[in-house]
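In this note's numbering, the protein residues as written are 438 to 626.
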Amino acid sequence: MDNIVIFGAPGSGKGTYSTALVKEFGYNHISTGDVLRAEIKAGTKLGKIVKGYIDQGQLIPDEHMIDILAGVYDSMLDGPGVIFDGFPRTIVQAKALKDMLQERGEKITITINLNVSEDVLMERLLRRAKIEGRADDNEETIKKRFKVYYNQTYPLIEWFKNEGVLSEFTFKGDTNLIIKEIIEKVASL
Ligand code: AP5
Ligand code: MG
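Structure (structure tokens):
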């Protein structure tokens, strides 16, 4: 089974390219952001806890995320693979993911790291704000999310490199081309 981590700053295309990979390879897709937003929408206890963090552009405490993840992953074990979109985001989460996979005889197959310049990221998210109205898509919160990403999540690149699973993709202005590059890479695994 393929276990694919899709990694990058807010707006880098994690969700967009996950959708392309699901279509191409029939993978299951775990977007921790989508899972959390669904909890908020459903008004669950967890949703009430996490809302404040998301609205402030801050990460949800690791213990909540790790519990949620294992439950969702176990419901996807009979498919061709799973895409992790938005997880891990801290070293603690990365280690927890490694342990969780190991306990199930699995490992991270590849980490797709998406490199996109910050002005393009901001432009995409402000455009999305007008269409989807996500609570964290306003200029002030987007800036906080960038900061959280560079302080807490970006350092994970070194961790993935040490695990020997890092693969880099840089957006150069052509969406179709980067999707093609990612699909070719995954097809070659
Ligand atoms: P999450 O929902 O994961 O948000 P994010 O990381 O900020 O990323 P986005 O979903 O905004 O962007 P994306 O990379 O998916 O890009 P997309 O494809 O949409 O997390 C939200 C919050 O939840 C976090 O801040 C945190 O509070 C919490 N959380 C989630 N996971 C957590 C965890 N593990 N631990 C703790 N807390 C956690 O693309 C962006 C837009 O650009 C789209 O509208 C797209 O259509 C458009 N676009 C235009 N051109 C392109 C192109 N060429 N490529 C890609 N997209 C393009
Ligand atoms: Mg997303």
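Just so you know, even glycine gets a beta-carbon here, dropped at the ideal spot from N, CA and C. Values in this document were obtained by computation on a predicted structure and should not be read as measured data.
Residue from the options whose Cα sits closest to the Cα of residue i
{"i": "Glu546", "options": "Thr612, Leu558, Pro517 and Gln530", "result": "The sequence given here places Thr at residue 546; Glu does not occur at that position. When only C-alpha atoms are compared, the closest one is Pro517."}
{"i": "Ile549", "options": "Leu593, Tyr490 and Lys584", "result": "Leu593"}
{"i": "Glu476", "options": "Lys488, Asn465 and Ala457", "result": "Lys488"}
{"i": "Leu534", "options": "Val553, Thr607, Asp515 and Asp511", "result": "Asp511"}
{"i": "Leu614", "options": "Ala457, Asn440 and Ile486", "result": "Ala457"}
{"i": "Ser455", "options": "Met537, Val519, Ser604 and Lys581", "result": "Val519"}
{"i": "Gly610", "options": "Asp492, Ile620, Leu551 and Tyr490", "result": "Leu551"}
{"i": "Ala513", "options": "Met438, Lys544 and Ile497", "result": "The question names Ala, yet the displayed sequence has Met at residue 513. Of Met438, Lys544 and Ile497, the residue nearest in Cα terms is Met438."}
{"i": "Phe608", "options": "Tyr587, Asp492, Phe597 and Val557", "result": "Val557"}
{"i": "Tyr464", "options": "Gln539, Phe521, His501 and Met502", "result": "Phe521"}
heavy atom of ligand 2 below 6 Å from residue i C-beta
{"i": "Gly470", "result": "yes"}
{"i": "Gly452", "result": "yes"}
Pair within 7 Å by beta-carbon distance, residue i and residue j
{"i": "Gly508", "j": "Gly470", "result": "no"}
{"i": "Gln530", "j": "Asp504", "result": "no"}
{"i": "Arg526", "j": "Thr590", "result": "yes"}
{"i": "Ser449", "j": "Val602", "result": "no"}
{"i": "Gly494", "j": "Arg582", "result": "yes"}
{"i": "Ile443", "j": "Lys451", "result": "yes"}
{"i": "His466", "j": "Val472", "result": "no"}
{"i": "Glu595", "j": "Phe606", "result": "no"}
Segment limits, alpha helix (DSSP H) that includes residue i
{"i": "Asp573", "result": "Per DSSP, Asp573 belongs to no alpha helix (DSSP H) and is neither H nor E."}
{"i": "Val487", "result": "Lys482 to Asp492"}
{"i": "Ile520", "result": "Unbroken run through Ile520 is the beta strand (DSSP E), Gly518 to Asp522; no alpha helix (DSSP H)."}
{"i": "Gly459", "result": "Going by the sequence as given, residue 459 is Val instead of Gly. Here the alpha helix (DSSP H) through Val459 covers Lys451 to Phe462."}
{"i": "Asn599", "result": "Leu593 to Glu600"}
{"i": "Asn588", "result": "Asn588 -> no alpha helix (DSSP H), and no H or E assigned at all."}
{"i": "Arg564", "result": "Glu555 to Glu569"}
{"i": "Ile503", "result": "Asp499 to Asp511"}
{"i": "Asp536", "result": "Ile528 to Glu540"}
{"i": "Glu621", "result": "Thr612 to Ala624"}
Start-to-end residues for the beta strand (DSSP E) that takes in residue i
{"i": "Leu426", "result": "Within the shown structure, residues of the chain are numbered from 438 to 626, placing residue 426 beyond reach of any answer."}
{"i": "Asp439", "result": "Asp439 to Gly445"}
{"i": "Ile549", "result": "Ile547 to Asn552"}
{"i": "Ile628", "result": "What is shown of the chain runs 438 to 626, which leaves residue 628 out entirely."}
Residue i Cβ short of 6 Å to ligand 1 heavy atom set
{"i": "Ser449", "result": "yes"}
{"i": "Gly523", "result": "yes"}
{"i": "Met502", "result": "yes"}
{"i": "Ile520", "result": "no"}
How do the segment 477–485 and the segment 562–569 stand: do at least 3 beta-carbon pairs fall below 8 Å, yes or no?
no
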